[in-house]
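**Student:**
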Amino acid sequence: MQETEKTAQTTQDNLIIAHETTTCCIVGAGPAGAILALLLARKGIEVTLLEEHMDFARDFRGDTVHPSTMEILAQIGLADRVLQLKHTLAPAMNVETPQGIIANLSFERLKTRFPYITLIPQAQFLACITEETKRYANFRLVMGARAEKLIEEDGYIHGVQYRAQDGWHELRAILTVGADGRFSRVRKLAGFEPIKNSAPMDVLWFRLPRQAGDPEGTDGKLGIGQGHVFVQFDRGEQWQIGYTIPKGGYQKIKADGLEHLRADIGELMPAFADRMQTITEWKQVSVLSVESSRVKRWYRPGLLLIGDAAHVMTPVGGVGINYAIQDAVAAANILTDDLREGKVRTSNLARVQRRRELPTRLIQSLQNLMQKQLLERATDTKGSPVLPLMFKLALHTPVLRDIPAKLVGFGPRRERVKNL
Ligand SMILES: Cc1cc2nc3c(=O)[nH]c(=O)nc-3n(C[C@H](O)[C@H](O)[C@H](O)COP(=O)(O)OP(=O)(O)OC[C@H]3O[C@@H](n4cnc5c(N)ncnc54)[C@H](O)[C@@H]3O)c2cc1C
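Under my numbering, the sequence shown has 1286 at position 382, and the numbering climbs by one with no breaks.
If you want it as structure tokens, here you go:
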């Protein structure tokens, strides 16, 4: 069992009330951290997962679970359980302009048991994964625990100091994993500077009511026009809407007034024009900062970054969750033996980065290209968006047409859990 020793001791400015040890300390119970914890716990490795929030309420992160993740869940016997959670299936993604559908990304031809995007509220998905992990006595989940300091000795990271409800704790570990998302504190504490690699944007995030006659289990929708992308997710009782705006553009949109925003969105997605009237106050609209970046090095001796902490994904293509999960699978595959031996080789941390960096860079470039081509350049003489030639070729040539769906559904490198 993992050790917890309750003693009061002051280190620097913090009054440490408990000294704990584990084999792997994971900071952040998002998709990357939760899946890595599960995969390591299944192998009998002691894991402590720290999550700064008291629950998994995560309105602002997207709900997409792609075929690659469903296959990973199937490998470990969890797919059917996850599919018992309330969900909807999107067998295709339509790209729409006010003039109609200009592209259809179909997952139905993919060779998989799960030829669709599954939309599951992320809070329920994470609760399901962590509940499963709690079956293992060697796993500990600490909610309301914010990692704030790294324990560094002789250039090696030996764990973290975290602040919990009852005070400061020191958690020593053989390996510390920063899976703490796009604003990663672990990344900052370790001294890594992310390199930004696409024009940043912001997203307006709000909900619209479902109306009688709305399709159930509908295809996903991506509306483009007037320099904006409009994304629509089925959230059961309501539609979750994302609407991209230029970085820092919120103040101008606010100054123009809600009426203006309602009209712009109504023009872009006429099916929602009437229900935009339910948006009557700015407090119904959240502004989310979006960027795309990556760190040059994902590791230091004793420390590894995965998921958005290593490479911040934009919502374009809705792939960030699945890339975070694939990082977790690669890390578990490569590091399990080291963790069993109680010593993590830095060369193996480098292997995790080598395995995952190329797919990440490829997909970020694709996100960047889509953002640029679809939003900034591709318009016809009337200024309406059109698909650039290379997208048309990719979607309409029989031998090529499944490549975009494969890239979104599985990514350029498919991870599978080894040594089940
Ligand atoms: C507006 C928006 C919409 C998106 N939509 C989609 C989508 O539809 N589909 C998709 O695949 N991707 C989407 N993404 C991207 C996706 O959210 C991320 O790529 C994905 O969540 C990354 O997972 P992660 O586990 O690495 O990090 P996160 O999901 O960010 O999880 C990090 C966790 O760490 C915790 N944490 C942070 N700091 C600490 C600390 N110091 N101590 C302890 N815990 C800490 C956080 O509370 C959080 O729970 C979207 C992103 C944005 C911004």
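Glycine residues also receive a C-beta, built at the ideal position from the N, C-alpha and C atoms. Since the structure is predicted, the reported quantities are computational estimates derived from the model, not experimental observations.
1) Taking the continuous beta strand (DSSP E) assigned at Ile1021, which residues delimit it?
2) Between the alpha carbons of Asp1168 and Lys1158, how many angstroms are there, rounded?
3) Which residues mark the beginning and the end of the alpha helix (DSSP H) in which Gln1230 is found?
4) Would you check if there are 3 or more beta carbon pairs closer than 8 Å linking the stretch 939-959 to the stretch 1031-1041?
5) Quick one, are the C-beta atoms of Ala1234 and Arg1260 less than 7 Å apart?
6) First and last residue of the beta strand (DSSP E) that includes Glu1056?
7) Output the distance between the C-alpha atoms of Ser1193 and His1164, rounded to the nearest integer angstrom.
8) So is the beta-carbon of Val1248 under 6 Å away from any non-hydrogen atom of ligand 1?
9) Just the C-alpha distance for Gly1221 and Pro1308, rounded to the nearest angstrom, thanks.
10) Tell me the start and end of each unbroken beta strand (DSSP E) in the stretch 1149-1194 that is at least 3 residues and wholly inside, in chain order.
11) Here's a check: name, in chain order, each residue in its chain whose Cβ is nearer than 7 Å to the Cβ of Val1191, leaving out the five neighbours to either side.
12) Count the other CB atoms, across all protein chains shown, that sit within 10 Å of the CB of Pro971; report buried if there are 16 or more and exposed otherwise.
13) In whole angstroms, what separates the C-alpha of Ala1077 from that of Pro1219?
14) Buried or exposed: which applies to Glu955, given that a residue is buried once 16 or more other Cβ atoms fall within 10 Å of its Cβ?
15) If I measure Cβ to Cβ from Leu1014 and keep anything under 8 Å in the same chain, skipping five residues before and after, which residues do I get?
16) For the alpha helix (DSSP H) containing Pro971, name the first residue and the last one.
17) Give the straight-line distance between the Cα atoms of Phe1011 and His1215, rounded to the nearest whole angstrom.
18) Hey, Val986 and Ile1225 are a contact pair by Cβ (cut 8 Å); roughly how many whole angstroms apart?
19) According to DSSP, simplified to helix, strand and coil, what is Thr927?
**Tutor:** Let's see:
1) 1021-1023
2) 13 Å
3) 1224-1245
4) yes
5) yes
6) 1050-1057
7) 21 Å
8) no
9) 10 Å
10) 1190-1194
11) Asp1106, Leu1108, Tyr1154
12) buried
13) 33 Å
14) buried
15) Pro971, Asp1306, Ala1309, Lys1310, Gly1313, Phe1314
16) 971-979
17) 25 Å
18) No, Val986 and Ile1225 are not in contact; Cβ-Cβ is about 13 Å, not under 8 Å.
19) strand
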